[in-house]
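Mapping of the sequence shown onto mature numbering (1 follows the signal peptide of the UniProt record, and there is no 0): residues -23 to -1, 1 to 276, in sequence order.
Structure first, then comments.
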Amino acid sequence: MKTRWVAAALSGLLAGSAFWTSAQQPAPAAPPQPKPALQPQQEAPPLQPTTGGFARGQKRAPIDPALAAHGKALYAVSCQACHGPDLRGGDLGGPNLLRSQVTLADQDGELITPIIQGSRQAMGMPNIGLNPEDSKAVAAYIRSVIGQIGSQGKPPGQAKPLNILTGDASAGHAYFDATCAKCHTSAMSLSGIASKITEPKAMQQAWLTGGVRGENSSASIPKATVMASSGVVTTGALVHVDDFLVTLKLSDGSVRSFGRLGDMPKVTIDDPLQAHKNLLPMLTDKQIHDVTAYLVTLK
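Shown next as structure tokens:
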């Protein structure tokens, strides 16, 4: 009996040991999963053309071709001499409009039009004298050119120096006496001008814009007189004028604005450079070069 009990106990002990050993062994690892097949690299979606300008995502309203054509004609008369036929800068030293942050950001003339109408006169950009509608047409033409940049060739490299002294000095002298001598005399107001402005290109720019007096000279700043319906008169340097508002800088440095309704209040403007502005659209290239060739002799 005792022998049977020992055998049974030994059998139970061996069975428990086998169970404990199997419990301690890790479960068999799962078979490795097959690697997914390599997917062919997807091509990026093609770039969508932008509507004008360099900036991707920049949206502009479509430009009326008739408006752009009208602006092109106005640009050729009023802007080309300074900014060039291709907007990259002209003989008179105007900046490259294709790279201007103003023209690149303009949407509907809101940035370009104020400059055309004189907001940067202190920086050397004269008031061209175009009304708001014509100014917006010029802005539309500029945007139409910028909108084609993606399909055009790259801008040219460094421009070669231009010799603008190609005119006839004697013909320029005759033109000066007939047209300019009413306000200027070579013996007095322009005596020695070639010694003060020694670079021909700067000379040409100066006489075309009236800058021979100095861009910041008070003598070149337009003055305006505003007469209210009550008869009160206010005079000051003209800061801004349009059909609805006129703003003056008074002698004490303060700035005052007047609302306009038709002809009231009465506004009288005295612009010392108005003769230059009136003359600019009528000048031919030959006349410009002839007068420049004459002025560089006034040393």
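Positions of the beta carbon are idealized from the N, C-alpha and C atoms, including for glycine.
Contact under 8 Å by Cβ, residue i with residue j
i      : j      : result
Val79  : Ile92  : yes
Val210 : Val232 : no
Leu69  : Ala171 : no
Ala270 : Gly144 : yes
Ala241 : Ser206 : According to the sequence provided, residue 241 is Met. The question's Ala does not apply to it. Cβ atoms of Met241 and Ser206: closer than 8 Å.
Val273 : Phe153 : no
His60  : Leu74  : yes
Phe221 : Gly236 : yes
Asp85  : Ala38  : yes
Arg120 : Ile40  : yes
Lys254 : Asn104 : yes
Residue of the options minimising C-alpha distance to residue i
i      : options                        : result
Met102 : Ala155, Lys113, Gly71          : Gly71
Pro249 : Asn73, Ser77, Ala214, Tyr152   : Ala214
Leu167 : Ile265, Trp184, Gly236         : Trp184
Lys263 : Gly149, Ala179, Asp219, His253 : Gly149
Tyr52  : Gln84, Ala82, Leu81, Val122    : Val122
Gly106 : Asp219, Ser234, Pro62          : Asp219
Met100 : Gln125, Pro39, Ile198, Gly124  : Ile198
Asn140 : Ile246, Gly239, Gly124, Gly67  : Gly67
Gly230 : Ala146, Thr212, Val54          : Thr212
Val244 : Arg65, Ala252, Ser234          : Ser234
His266 : Pro138, Leu142, Glu110, Arg76  : Leu142
Gln125 : Asp63, Ser96, Gln98, Ala146    : Asp63
Tyr118 : Gln251, Gly239, Leu81          : Leu81
Asn58  : Ser147, Ala151, Gln182         : Going by the sequence as given, residue 58 is Ala instead of Asn. Checking every option, the nearest Cα to that of Ala58 belongs to Gln182.
Gln251 : Leu238, Glu110, Gly95          : Gly95
Counterpart residues of residue i in DSSP-defined beta bridges
i      : result
Ala201 : Gly213, Ile246
Arg37  : DSSP lists no partner for Arg37.
Met241 : Leu238
Val218 : Val223
Val232 : Lys226
Report task. Decide yes or no for the touch test of the stretch 249 to 264 against the stretch 171 to 179: beta carbon pairs closer than 8 Å, at least 3 of them. Result -> no
Requested in this report: Inspect the CB distances between the stretch 46 to 57 and the stretch 106 to 117 and report whether three or more fall short of 8 Å.
Outcome: yes
Query raised in the report: On the three-pair Cβ rule with 8 Å, is the stretch 147 to 165 touching the stretch 79 to 90?
Result: no
Query raised in the report: Taking one C-beta from the stretch 218 to 225 and one from the stretch 199 to 206 each time, how about it: are there three or more such pairs within less than 8 Å?
Result: yes
**Report entry** Every unbroken alpha helix (DSSP H) within the stretch 56 to 144, with a cutoff of 4 residues, ordered by chain
**Finding:** 57 to 60, 78 to 82, 89 to 93, 109 to 123
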